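Numbering (my numbering), first residue to last: 41 to 426. For reference, the structure is listed below as structure tokens.
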């Protein structure tokens with residue numbers, strides 16, 4: 041089936057078939073790993089679409105088409121890591137440009153923005169743009185881009201993509217959404233008005249904690265051309281084996297995300313009943329302040345939960361060190377469940393005073409809920425909470 045027809049089908053079907061046409065020479069139903077650096081040319085400058093694997097590789101091309109198709113986009117580019125995808129976008133801006141970013145960011149993104157791009161003269165304004173938010177007063181004559189994570193990391197705040205995109209489109213400013221926490225199986229930002237999507241494909245796209253990667257997805261040809269030139273020029277590309285592994289993970293994305301969502305919702309409901317938990321943050325429980333927005337733009341709550349214990353930092357560190365099924369580790373989105381302490385681990389690069397000002401305190405614990413049996417995971421947490 042051609043890709044135009046496929047794009048009209050359900051996401052579970054697209055995830056299996058996009059970018060996976062049978063090999064014309066052998067009939068292989070899985071795209072081969074083209075482990076090659078270069079390609080024979082028929083005549084100088086005449087080739088079959090591939091000349092050097094930094095520029096393009098057949099395995100990567102198939103994977104990029106699949107990602108773009110799942111997000112309902114025309115173009116997809118993949119990278120060696122999520123941070124190299126972020127860096128590629130930031131390289132298109134110049135000193136004096138004003139960028140508005142959400143104030144609850146993954147620590148690695150904040151570190152890149154604050155330690156590299158701000159000293160270069162790029163003006164970054166961190167704004168609480170979640171919930172019922174009016175972007176218009178923050179737009180300036182030199183505003184060049186709006187960057188959002190929704191849900192945010194690790195406080196799981198929800199931005200109203202459609203509402204914010206009305207402002208960015210009126211000012212012709214790109215709206216870039218990090219869709220890592222949701223994946224295209226749960227949220228499709230381009231359909232809500234965003235211009236560009238970023239993924240750490242290390243997470244739910246790959247889904248098995250066995251590869252590192254990133255992606256930029258868009259239907260804007262002008263932006264795509266800029267990013268493609270940088271992908272080739274800077275060379276932060278994934279190898280064909282990583283593309284093969286991530287593409288394979290993509291085929292079960294819809295199936296996995298449904299299980300992640302079911303497990304996480306059950307665990308969040310259970311956590312809410314405990315007297316030793318001060319606060320539970322999960323987009324699909326009614327106590328979440330942005331619950332109505334989440335219901336409108338997401339088909340599920342995702343696999344991430346954050347919660348605050350009633351104790352102190354030492355108690356939180358003790359809890360994350362006592363689980364057995366929940367592995368104490370950074371990252372997220374794999375089939376196995378993970379637990380971490382953001383202030384010490386993933387968000388340690390954010391200064392303490394800024395963390396606390398935004399609500400990222402030392403009592404906060406973050407869960408990446410996997411696809412194990414939910415009751416087994418609850419029992420593991422119950423023992424750790426003690």
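Glycine included, C-beta positions come from ideal geometry on N, C-alpha and C. Note that the structure is predicted; figures quoted are calculated from it, not measured.
{"query": "Taking the Cβ atom as the reference point for each residue, do residue 255 and residue 124 lie within a distance shorter than 8 Å?", "result": "no"}
{"query": "Compare the beta carbon distance of residue 73 and residue 99 with 8 Å and say whether it is the shorter of the two.", "result": "yes"}
{"query": "Can you tell me whether residue 267 is helix, strand or coil according to DSSP?", "result": "helix"}
{"query": "Residues in its own chain within less than 8 Å of residue 417 by CB, not counting five upstream and five downstream?", "result": "303, 307, 365, 366, 377, 409, 410"}
{"query": "Do the stretch 188–198 and the stretch 321–333 make contact, defined as three or more Cβ pairs closer than 8 Å?", "result": "yes"}
{"query": "Excluding the 5 residues preceding and the 5 following residue 208 in the sequence, name in chain order all residues of the same chain whose CB lies nearer than 6 Å to its CB.", "result": "186, 215"}
{"query": "Could you give the C-beta distance for residue 43 and residue 109, rounded to a whole number, given that I count them as a contact under 8 Å?", "result": "6 Å"}
{"query": "Measure the beta-carbon distance from residue 221 to residue 191 and round it to whole angstroms, keeping in mind my assumption that it falls under 8 Å.", "result": "5 Å"}
{"query": "The beta strand (DSSP E) with residue 142 in it runs from where to where?", "result": "138–142"}
{"query": "Please give the ranges of any alpha helix (DSSP H) in the stretch 65–142, keeping only runs that are unbroken, at least 4 residues long and fully inside the region.", "result": "98–110, 122–130"}
{"query": "Can you tell me where the beta strand (DSSP E) holding residue 157 begins and where it ends?", "result": "Per DSSP, residue 157 belongs to no beta strand (DSSP E) and is neither H nor E."}
{"query": "With respect to the alpha helix (DSSP H) encompassing residue 415, which residues constitute its N-terminal and C-terminal limits?", "result": "414–425"}
{"query": "Compare the Cα-Cα distances from residue 227 to each of 244, 394, 213, 362 and report the closest residue.", "result": "244"}
{"query": "Rank 211, 296, 318, 402 by C-alpha distance to the C-alpha of residue 413 and give the top, closest one.", "result": "296"}
{"query": "Does residue 359 come out as helix, strand or coil in the three-state DSSP assignment?", "result": "helix"}
{"query": "Do residue 390 and residue 225 have their C-beta atoms closer together than 8 Å?", "result": "no"}
{"query": "What residue does the beta strand (DSSP E) around residue 166 start on, and which one ends it?", "result": "163–167"}
{"query": "Quick check on the DSSP output: the alpha helix (DSSP H) that includes residue 147 runs from which residue to which?", "result": "147–152"}
{"query": "Can you tell me which of the three DSSP states residue 296 falls into?", "result": "helix"}
{"query": "Please say whether residue 292 and residue 146 have beta carbons closer to each other than 8 Å?", "result": "no"}
{"query": "Check residue 282 in the structure and name its three-state DSSP category.", "result": "helix"}
{"query": "Residue 184 by DSSP, collapsed to three states: which one?", "result": "strand"}
{"query": "In this structure, does DSSP put residue 249 in helix, strand or coil?", "result": "coil"}
{"query": "Going by the CB atoms, is the gap between residue 236 and residue 258 shorter than 8 Å?", "result": "yes"}
{"query": "Could you tell me whether the Cβ atoms of residue 368 and residue 359 are closer together than 8 Å?", "result": "no"}
{"query": "Closest by CA to residue 230, which one among 126, 249, 203?", "result": "203"}
{"query": "Using CA atoms only, rank isn't needed, just tell me which of 383, 171, 188, 102 is closest to residue 139.", "result": "188"}
{"query": "Contact between the stretch 390–401 and the stretch 334–345: three or more CB pairs below 8 Å?", "result": "no"}
{"query": "Use the C-beta contact count for residue 92: other C-beta atoms within 10 angstroms, 16 or more gives buried, fewer gives exposed.", "result": "exposed"}
{"query": "Does the beta-carbon of residue 280 have 16 or more other beta-carbons within 10 angstroms, so that it is buried, or is it exposed?", "result": "buried"}
{"query": "Starting from residue 218, follow its DSSP beta bridges and name the residues at the other end.", "result": "189, 238"}
{"query": "In this structure, how does DSSP classify residue 427 when only helix, strand and coil are distinguished?", "result": "Lying outside 41 to 426, the shown extent of the chain, residue 427 is not represented and no answer is given."}
{"query": "So what's residue 13 in DSSP terms, helix, strand or just coil?", "result": "Any answer about residue 13 is impossible in this case: the structure gives the chain only from 41 up to 426."}
{"query": "Would you say residue 278 and residue 253 are within 8 Å of each other, going by their C-beta atoms?", "result": "yes"}
{"query": "Could you round the C-beta distance between residue 248 and residue 289 to whole angstroms and report it? I think they count as a contact, below 8 Å.", "result": "6 Å"}
{"query": "Hey, could you find the ends of the beta strand (DSSP E) residue 411 is sitting in?", "result": "Unbroken run through residue 411: none, as it is neither H nor E."}
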